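The numbering used here puts the first residue of the sequence shown at 591, with every later residue one more than the last.
Cβ coordinates follow ideal geometry from the N, Cα and C atoms, glycine included.
Source: prediction; values computed, not measured.
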Amino acid sequence: MHGSTVEKKIYAIQVATYTALMLSITYTPSLAASVGASAMEIALVFSFYNLAYFLSSMIFGRLADLHGRKIFIISGFLVASIAFLFQYFYWNYYSLLLLRVLAGFAAGIFPAAIISLAHDENMRMGKLSAFGAAGWAMGSYIAGIVSLFFGLKATYIFSSLIFLIAFAISSGIKDTGVRVEKVPKIPLGVIKRNWNLYLGYIFRHSAATMIWAYWPLFVKSIGGNSFWQAATMGINSTAQFFIMFYYADTKRSSSLILWGLVLSALTFLSYSIITNVWEMIPVQVMLATSWAFLYVGSLNYLTTKNREKATATGLLNSSIGIGAFLGPILGGVFMSIVNQYRYLMIFSFVIAFLGAIIFKIGEKRD
């Protein structure tokens, strides 16, 4: 298959992946609240989804190094289309929690395999990430439109349909044949080489998901309706696309990572002084810059530093999953005590800034 055709298919499934994920994520806090979930219970929905994502990413990232990329991309999309559709049929809080866990495990099957396949094809990580950001943006805007015409719950059906499209596209991709002969079940060597990046991510993403777990409720508190709850994240993702596509591949990866962590912390602090949705627009652009720098820098850092590319990027996704498991729990405890979004944002700033310090310490040691 001609290289450019392969690239186009990989970009297409990258867009589809993140469109579907964003559709499913956007209104889950509101849907949990609608069945009587408390602040802590809303946080647990996020946490256990991401715990399942963490375990799945760690397992299937290693397997993609051992057995090839394609099988886990195709099977992952098929499983995800089923698991994400099942979410529509929740009937109370506990059924929603269980179905989100199943969705989280399904969502962790394919991301490391996609990234590794793209690297096998010598694709730019910034450009690949840009198409992921385009998917986040499309998912945000589609979620807002779907919510207005079909209701919040219908976003689960649309996410399933888009995973089916990704499955159809991915079935035409040939495996590159790249294998790593031996990868330990617990890859301590990979963890030791990249410990400061993984730990920095855990801190940063714990801070971020404290906020995302309550995002629709936070936006509502400053005057935003269901469309604005989605559109604010769409602004972030749209800006990410351009930064990733045109800029993020041009700088040294370790510098991008450090700036991404610092800007993340400053973004979370900025949320504490926002009073309406219009003030949020420039802050969302800063958020986009922080994540573009951090994520593209990290993918370049890991795929050039490690022979076990799928394992290393799988562990990155696992680090995101750990942070996204811990963050909502910390946020839930905090909100149970303080119950003010402004102070939650300040707490998130402190945690994220610690992540930047940890990464910098590790780089100095290296």
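Legend entry - Neighbourhood of L920 by C-beta, 7 Å cutoff - its chain only, sequence neighbours within 5 removed: S796, M800
Inset, instruction - Could you pull the start and end residues of the alpha helix (DSSP H) that V923 belongs to? - result: 899–927
Legend entry - CB of G722 within 7 Å of CB of Y643, strictly: no
Legend entry - alpha helix (DSSP H) segment containing Y933, residue limits: 931–955
Inset, instruction - Compare the C-beta of L906 with all C-beta atoms of chain B and state if any pair is closer than 7 Å. - result: Considering every chain present, this structure includes no chain B. It has just one protein chain.
Legend entry - Uninterrupted alpha helix (DSSP H) stretches inside the segment 740–817 (no shorter than 4 residues): 745–760, 778–783, 785–802, 805–811
Inset, instruction - Go ahead and pull the three-state DSSP assignment for A627. - result: coil
Inset, instruction - Give a yes or no on whether the C-beta atoms belonging to S706 and K899 are separated by under 7 Å. - result: yes
Inset, instruction - For G626, count neighbouring Cβ atoms within 10 angstroms of its own Cβ and tell me buried if that reaches 16, exposed if not. - result: exposed
Inset, instruction - For G698, name the three-state secondary structure that DSSP assigns. - result: coil
Legend entry - A663 - containing alpha helix (DSSP H), residue span: The question names Ala, but residue 663 is Ile in the sequence shown. Where I663 is concerned, the enclosing alpha helix (DSSP H) stretches over 660–676.
Legend entry - Three-way DSSP call (helix, strand, coil) for T828 in this model: helix
Legend entry - Length of the line joining the Cα atoms of M591 and G762: Because M591 sits at a pLDDT of 44, beneath the cut-off of 50, its placement in the model cannot be relied upon, and the following sentence gives the value as read from the coordinates. Taking the straight line from one Cα to the other gives about 9 Å.
Legend entry - Beta-carbon contacts of A942 that lie in its chain and below 6 Å, excluding the five residues immediately before and after: R794, A797, S854, A855, F858
Inset, instruction - Measure the alpha-carbon distance for S647 versus F700 and round it to whole angstroms. - result: 8 Å
Legend entry - Chain-order list of residues whose beta-carbon lies under 7 Å from that of I833 (same chain, five-residue window excluded): A878, T879, A882
Legend entry - Backbone CA spacing between Y608 and H709 [nearest angstrom]: 19 Å
Inset, instruction - For F679, count neighbouring C-beta atoms within 10 Å of its own C-beta (all shown protein chains included) and say buried if the count is 16 or more, exposed if not. - result: exposed
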